[in-house]
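K.L.:
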Amino acid sequence: MNPVSGYEVEAEDVVWLRLDVAVAAAARREAARLARRVGMPTDRVAEIELAVTEAATNLEKHARDGALALRVVTLRGRAALELLSVDSGPGMADVGSALTDGVSGSGTLGVGMGAIARFAGVFDVHSLPGRGTALLARFWAGDGTDPFAGTDEPEVAGLTRPISGEEVCGDTWAARTEHGPDGARAVTVMMCDGLGHGPLAALAGERARAAFRAGPHGSPQDVVRALHAELRGSRGAAITVARADFSRGTVEHCGVGNISAFVVGGDRRSTLLSLPGIVGHQLPALRLFRTPLDRDAVLVLHSDGLSDRWSPADFPGLFTRRPAVVAAQLLGQAGVRRDDAGVVVVRAARG
Ligand SMILES: [Mn+2]
Numbered sequence: 001m002n003p004v005s006g007y008e009v010e011a012e013d014v015v016w017l018r019l020d021v022a023v024a025a026a027a028r029r030e031a032a033r034l035a036r037r038v039g040m041p042t043d044r045v046a047e048i049e050l051a052v053t054e055a056a057t058n059l060e061k062h063a064r065d066g067a068l069a070l071r072v073v074t075l076r077g078r079a080a081l082e083l084l085s086v087d088s089g090p091g092m093a094d095v096g097s098a099l100t101d102g103v104s105g106s107g108t109l110g111v112g113m114g115a116i117a118r119f120a121g122v123f124d125v126h127s128l129p130g131r132g133t134a135l136l137a138r139f140w141a142g143d144g145t146d147p148f149a150g151t152d153e154p155e156v157a158g159l160t161r162p163i164s165g166e167e168v169c170g171d172t173w174a175a176r177t178e179h180g181p182d183g184a185r186a187v188t189v190m191m192c193d194g195l196g197h198g199p200l201a202a203l204a205g206e207r208a209r210a211a212f213r214a215g216p217h218g219s220p221q222d223v224v225r226a227l228h229a230e231l232r233g234s235r236g237a238a239i240t241v242a243r244a245d246f247s248r249g250t251v252e253h254c255g256v257g258n259i260s261a262f263v264v265g266g267d268r269r270s271t272l273l274s275l276p277g278i279v280g281h282q283l284p285a286l287r288l289f290r291t292p293l294d295r296d297a298v299l300v301l302h303s304d305g306l307s308d309r310w311s312p313a314d315f316p317g318l319f320t321r322r323p324a325v326v327a328a329q330l331l332g333q334a335g336v337r338r339d340d341a342g343v344v345v346v347r348a349a350r351g
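Numbering follows the UniProt record's numbering, in which position 110 of the sequence shown is assigned residue number 110; successive positions increment by one, without gaps.
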C-alpha cells in the first residue's frame with residue numbers, strides 16, 4: 001500500500017448561473033458569499049466581486065449563450081474561490097491581445113479579461129473562434145498566490161453540472177495523488193455516474209466519494225471492489241477508476257458501466273475500455289488495463305452527460321491548457337442537457 005503524501009481533491013458544490021438578465025448581480029452575490037465563507041478579507045472580496053462581475057458582464061454583452069460556475073475548491077488545506085465561464089460563441093480570434101486591456105476589447109469577449117487575470121492567482125482561457133470560450137480564474141485565500149506553482153504535483157480538475165431542472169448532480173469525481181516507494185508521483189482518479197438523476201443519484205455519488213476517500217490506496221481494481229461494497233443498496237453507478245503515473249508512463253484503469261475515458265496526446269485519442277455492469281448491483285469479473293501515457297498527454301474521464309464523439313482535432317490547443325479549462329470547454333461543447341454531466345481531467349506537472 002502506498003503512503004499518501006500528495007493531496008486529495010473532489011467534486012465541490014457548484015453554483016451554476018445561466019445567462020439571463022440578472023446574471024451579473026447574481027454572480028457577484030454568490031462570489032461574495034463563497035469568498036466570505038472561506039474567510040477572505042473585505043478588500044479581497046471586493047476584488048473578486050469586481051472580477052466576477054466583469055466575467056458575467058462579458059457573457060451578457062457578447063455571448064450567444066453561456067453560463068458561469070462558481071465554487072470553493074480546497075487543495076492541500078488551502079481554499080480558493082474558482083470561477084469558470086463557458087459560452088457557445090462567438091469566441092475570440094486572438095486570446096493574447098484580448099488579455100491586454102483596451103487593445104482588442106471592443107465588441108469581443110476580451111473586454112476586461114486583463115482585469116480578471118490580474119486579480120486571479122491562476123488564470124487560463126481557451127477559445128474556439130465561432131464556437132465558444134472557456135475561462136478559469138482561481139482566487140486563492142491567504143496571500144493569493146498559487147500553492148502549486150513550481151511544484152511537481154500532477155494537476156487534476158473536474159466539473160459537474162446537473163440535468164436541467166435539478167439542483168443536485170448524480171455525477172461526481174474524486175482524486176488523490178500518491179507518492180510511491182520510488183518517489184514516483186501518481187494520481188488516482190474516479191469518475192462516477194450515479195444511475196438516473198436527482199437526490200438518489202446524488203446520494204450514490206456521495207457514498208462513492210466517501211468510499212473513495214476512505215478506501216484502499218491499491219490498484220484501481222481494489223478501489224472499484226471497495227466502491228461496489230459501499231454502494232450496495234444504493235441506486236448503483238457507472239464508475240471508472242484510473243491511476244495515472246506520468247513518471248512510469250502508464251495509466252492503469254478499471255471501469256464498470258458507461259464512463260468514457262481517454263488518453264489524449266496531440267491529435268490522437270486512445271479509448272480506455274469499460275466493462276458492462278453496475279457498481280453496487282452487478283460487478284463483472286474485474287480487469288485491469290494498462291495504457292501508455294506520455295508526460296504531455298492528458299487523461300480525460302467523463303459520464304454519458306457528454307457526447308463521446310468529440311475528437312481532439314476539433315479542439316486545437318485545448319489539451320495544453322489547465323485541466324479546469326479542458327473540463328469546462330469539453331462540458332460546454334460536448335455536454336447534453338438531458339442528463340447529469342461530469343468530466344475530470346488529469347495532466348502532469350508543467351514545472
Ligand atoms: Mn448519466
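All C-beta atoms in this analysis are idealised placements derived from N, C-alpha and C, irrespective of residue type, glycine included.
Just so you know, these numbers come straight off a predicted model, no measurement behind them.
1) Quick check: is any heavy atom of ligand 1 less than 7 Å from the C-beta of D308?
2) Within 10 angstroms of its Cβ, does E167 collect 16 or more other Cβ (buried), or is it exposed?
3) Can you check which of these residues, A24, L70, I48, R295, is closest to A115 by C-alpha distance?
4) Return the chain-ordered list of same chain residues with a C-beta closer than 7 Å to the C-beta of E12, the five sequence neighbours on each side being excluded.
5) Suppose contacts are defined by Cβ-Cβ distances below 8 Å. Is W140 in contact with A69 by that definition?
6) From the DSSP output, read off the bridge partner residues of P90.
7) In the DSSP assignment, the beta strand (DSSP E) including H62 goes from what residue to what residue?
8) According to DSSP, simplified to helix, strand and coil, what is V346?
9) Less than 7 Å separating the Cβ of G305 from some heavy atom of ligand 1?
10) DSSP three-state call for H197: helix, strand or coil?
11) When the Cα atoms are used, what is the spatial distance from D143 to G121?
12) Would you decide whether S106 is buried or exposed? Buried here means 16 or more other CB atoms lie within 10 Å of its CB.
13) Does the Cβ of D340 lie closer than 7 Å to at least one heavy atom of ligand 1?
14) Return the Cβ separation of H179 and L318 in integer angstroms, given the expectation that the two are a contact with Cβ distance under 8 Å.
15) Among the residues of its own chain, which have a CB less than 8 Å from the CB of D339, if the five just before and after it don't count?
16) Is D193 a contact residue of ligand 1, with contact defined as CB to any heavy atom under 7 Å?
17) Could you pull the start and end residues of the alpha helix (DSSP H) that V256 belongs to?
18) Starting from G158, trace the beta strand (DSSP E) both ways and give me its first and last residue.
19) Report the rounded CA-to-CA distance for L200 versus G194, giving the unit in angstroms.
20) Which whole-angstrom value is the C-beta distance of S85 and R64, which I expect to be below 8 Å?
21) Specify, as a first and last residue, the run of the beta strand (DSSP E) that V264 falls within.
22) Taking the beta strand (DSSP E) that F123 falls in, what are its first and last residues?
23) Hey, how far is the Cα of V103 from the Cα of A117?
24) Under a Cβ-count criterion, where at least 16 other Cβ atoms within 10 Å of its own Cβ denotes burial, should P220 be classed as buried or exposed?
25) In the DSSP assignment, find the unbroken alpha helix (DSSP H) run with F119 in it and report its ends.
26) How long is the line joining the alpha carbons of A348 and A175, rounded to whole angstroms?
27) Under three-state DSSP, which class holds R315?
28) From A208 to D171, what distance separates their C-alpha atoms?
29) In the DSSP assignment, find the unbroken alpha helix (DSSP H) run with A67 in it and report its ends.
30) With a 10 Å radius around its C-beta and 16 neighbouring C-beta atoms as the bar for buried, classify P284 as buried or exposed.
31) Residues in its own chain within less than 8 Å of G91 by CB, not counting five upstream and five downstream?
32) Do you know whose CA, among G218, R161, A204, L203, lies nearest V189's CA?
33) According to DSSP, simplified to helix, strand and coil, what is P323?
34) Using a threshold of 8 Å, state whether the C-beta atoms of A238 and I259 are closer than that.
35) Using DSSP with H/G/I as helix, E/B as strand and the rest coil, what is H217?
36) Is there at least one Cβ from chain C nearer than 8 Å to K61's Cβ?
P.N.:
Reading from the atomic positions:
1) Checking every heavy atom of ligand 1 against the Cβ of D308, none is found closer than 7 Å.
2) Around the beta carbon of E167, fewer than 16 other beta carbons sit within 10 angstroms, so the residue counts as exposed.
3) If we check each option's Cα against that of A115, I48 comes out closest.
4) Here E12 has R71, V72, V73 as same chain residues with Cβ atoms under 7 Å from its own Cβ, once five neighbours each way along the sequence are excluded.
5) For W140 and A69, no; Cβs fall outside 8 Å.
6) Answer is none; P90 lacks a bridge partner.
7) Run containing H62: none in the beta strand (DSSP E); it sits in the alpha helix (DSSP H), 42-62.
8) Here V346 sits in strand by DSSP.
9) The closest heavy atom of ligand 1 lies less than 7 Å from the beta carbon of G305.
10) In the structure shown, H197 sits in coil (DSSP, three-state: anything other than H, G, I, E or B).
11) D143 and G121 have their C-alpha atoms spaced approximately 9 Å apart.
12) Summary for S106: the model assigns pLDDT 46, below 50, so the residue's position carries little reliability, and this model does not support an answer.
13) Distances from the CB of D340 to the heavy atoms of ligand 1 include at least one below 7 Å.
14) The C-beta distance from H179 to L318 rounds to 29 Å, too long to meet the 8 Å contact threshold.
15) When the five nearest sequence neighbours on each side are left out, the beta carbons in the same chain lying within less than 8 Å of the beta carbon of D339 are those of I163, H197, S303, D304, G305, in order along the chain.
16) Yes, ligand 1 has a heavy atom inside 7 Å of this Cβ.
17) Where V256 is concerned, there is no enclosing alpha helix (DSSP H), although the beta strand (DSSP E) it sits in stretches over 250-256.
18) Where G158 is concerned, the enclosing beta strand (DSSP E) stretches over 155-161.
19) Taking the Cα positions, L200 is about 8 Å away from G194.
20) S85 to R64, Cβ: 14 Å. No contact.
21) Here the beta strand (DSSP E) through V264 covers 260-265.
22) First-last of the beta strand (DSSP E) with F123: 122-128.
23) Below a pLDDT of 50, predicted positions are generally treated as unreliable, and V103, at 45, falls in that range; the measurement from the model is reported next regardless. Between V103 and A117, the C-alpha separation is close to 15 Å.
24) Answer is buried; the Cβ neighbour count reaches 16.
25) The continuous alpha helix (DSSP H) containing F119 extends over residues 113-119.
26) Rounded to the nearest angstrom, the two C-alpha atoms are 14 Å apart.
27) Checking the sequence shown, residue 315 turns out to be Phe, not Arg. In the three-state scheme derived from DSSP, where H, G and I count as helix and E and B as strand, F315 is classed as coil.
28) When the Cα atoms are used, A208 and D171 turn out to be separated by approximately 10 Å.
29) In the DSSP assignment, A67 falls outside any alpha helix (DSSP H) and within the unbroken beta strand (DSSP E) covering 66-75.
30) Flag for P284 reads exposed.
31) Cβ neighbours of G91 within its own chain (closer than 8 Å, five residues either side excluded): L109, S127, L128, P129, G130, R131, G132, T133.
32) Among G218, R161, A204, L203, the Cα nearest to that of V189 belongs to G218.
33) Per DSSP, reduced to three states, the secondary structure at P323 is helical.
34) Contact flag set, yes.
35) Of the three classes helix, strand and coil, the one that applies to H217 here is coil, per DSSP.
36) Absence of chain C from the displayed structure is noted, only one protein chain being present.
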